[in-house]
Amino acid sequence: MATQAPPLSPLLLLLVPLLLPLTNAATFNVVNKCSYTVWAAAVPGGGQQLNQGQSWTLNVPAGTAGARVWARTGCSFDGSGNGHCQTGDCGGVLACTAYGSPPNTLAEYSLNQFNNLDFYDISLVDGFNVPMDFSPTNGAGCKDIRCTADVNGQCPGALQAPGGCNNPCTVFKTDEYCCNSGSCGPTDYSKYFKGLCQDAYSYLLPLEGEREISIDNGIFNKGGFVFVRVGRVANLL
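And the structure:
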């Protein structure tokens, strides 16, 4: 039987890319700090049920690009790993090979890209379902990023969804909110979400006006679903 997540605060993220001058494969540890069960998902990586306090280790090869890690809620799977999730579902399977369905809070990363740097961020482009935190460790002058506001609880009526809060692009599907032309600007919705979570990004746009941070290590860590990086080791809590 599916375990339903309790109501969460509305949370929306703005893009905060982090650049890491690292060259080897990475290990990510996913840890559930929520008070309820989540079904962690990763592409590449698959999926894993995580009760409160449990963790899951991902080994990611160098050069991986366009990767995502997220939490699914309200899931029910059979012994073969087939089923469904209320938020973040990836085609009705436990071991994801495709991205999750909105709404879901995203941790995104690409390894060994421009100048051999690693990039990662928190995104609300697919909406919000659980809080996330990403704080660097052992990296001089590094900036923590997080989205831990009550996004679900404050979600505008038009964006409300069972278990989460949709991005306006998902609901309205217009260029104003989806930025298909590449020339759009912030909207009242994206400004609202950025006010709640300044370290995340809420609509697709080149990195104009956003912060870039160079770090060696990082940690995603504040009550909720956490993503941690330590050298070439990262933990998603």
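Here the sequence shown stands for residues -25 to -1, 1 to 212, numbered as in mature numbering (1 follows the signal peptide of the UniProt record, and there is no 0). We put the CB at the ideal spot given by N, CA and C, even for glycine. Quick caveat, the model's predicted, so the values are computed rather than measured.
When you compare only the Cα positions, how much space is there between residue i and residue j?
| i | j | result |
| --- | --- | --- |
| isoleucine 146 | aspartate 163 | According to the sequence shown, residue 146 is valine rather than isoleucine. Whole-angstrom Cα-Cα distance: 15 Å. |
| alanine 42 | tyrosine 84 | 5 Å |
| leucine 81 | threonine 123 | 13 Å |
| valine 35 | alanine 15 | 16 Å |
| asparagine 4 | aspartate 96 | 16 Å |
| proline 161 | arginine 121 | 20 Å |
| serine 189 | proline 131 | Because the pLDDT of serine 189 is 31, which lies under 50, any placement of that residue in the model is unreliable, and the question is left without a value. |
| cysteine 154 | leucine 171 | 21 Å |
| cysteine 159 | glutamine 88 | 26 Å |
| aspartate 150 | proline 143 | 11 Å |
| serine 76 | serine 156 | 23 Å |
| glycine 63 | lysine 148 | 19 Å |
| valine 18 | phenylalanine 52 | 19 Å |
| valine 44 | serine 30 | 13 Å |
| glycine 58 | aspartate 119 | 35 Å |
| glycine 67 | glutamine 23 | 13 Å |
| alanine 175 | asparagine 90 | 24 Å |
Report the option in the options whose CA atom is closest to the CA atom of residue i.
| i | options | result |
| --- | --- | --- |
| proline 78 | Ala(-1), Ser98, Gly67 | Ser98 |
| lysine 166 | Cys65, Ala1, Tyr152 | Tyr152 |
| phenylalanine 168 | Lys148, Asn141, Thr149 | Asn141 |
| alanine 1 | Gln23, Gly58, Leu92 | Leu92 |
| glutamine 173 | Asp108, Phe52, Ala40, Gln23 | Asp108 |
| phenylalanine 94 | Phe52, Ala40, Ser30, Pro19 | Ala40 |
Give a yes or no on whether the C-beta atoms belonging to residue i and residue j are separated by under 8 Å.
| i | j | result |
| --- | --- | --- |
| cysteine 71 | glycine 21 | yes |
| asparagine 7 | leucine 33 | no |
| leucine 86 | glycine 28 | no |
| serine 177 | valine 100 | yes |
| glycine 54 | leucine 69 | no |
| tyrosine 74 | cysteine 65 | yes |
Legend entry - Three CB pairs or more closer than 8 Å across the stretch 94 to 104 and the stretch 120 to 139: yes
Inset, instruction - Flag this pair as touching only if the stretch 30 to 48 and the stretch 4 to 20 have three or more C-beta atom pairs under 8 Å; answer yes or no. - result: yes
Inset, instruction - Could I get the ranges of all uninterrupted beta strand (DSSP E) runs contained in the stretch 52 to 102, with 3 residues as the minimum, in chain order? - result: 81 to 85, 93 to 98
Inset, instruction - May I have a chain-ordered list of the beta strand (DSSP E) segments no shorter than 3 residues that lie completely inside the stretch 127 to 182? - result: none
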